[in-house]
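>
Numbering (our numbering), first residue to last: 354 to 440.
Spelled out as C-alpha cells, the structure:
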C-alpha cells in the first residue's frame with residue numbers, strides 16, 4: 354500500500370459460518386437496501402400477473418369446456434373418394 358493508506362486487519366470469527374455472516378451483514382448494514390430490493394421484486398411479480406390476466410381483443414383463447422364436450426362425430430368427417438380420381 355502507499356504510505357498514506359493504511360489497512361486495518363479484520364478479526365475473523367471462527368464460530369460464525371459464511372451463511373450466517375452474510376445474513377448478519379444483509380440484516381444489519383444493508384437492511385434498507387435489502388428491503389427495497391424485495392419491494393422491487395414484489396412490484397415486478399404483481400406487474401407480470403396483471404399483464405398476463407388482462408383482457409385483450411383479437412386473442413384466441415382456449416375453451417376447455419368445449420374441448421371436453423366435443424364428440425368424435427362432430428369433429429371427424431370421412432369422405433368416400435373414388436379410386437384413381439385424385440384430389
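Even for Gly, the Cβ is constructed at its ideal location relative to N, Cα and C.
Determine the DSSP secondary structure at residue 405, reduced to helix, strand or coil.
Three-state result, residue 405: helix.
> Please work out which residues of its chain come closer than 8 Å, Cβ to Cβ, to residue 379, disregarding the five sequence neighbours upstream and downstream, and give them in chain order.
387.
> Would you report the Cα separation of residue 359 and residue 404, rounded to the nearest angstrom?
About 53 Å.
> So the alpha helix (DSSP H) residue 371 belongs to, where does it begin and stop?
Where residue 371 is concerned, the enclosing alpha helix (DSSP H) stretches over 371-381.
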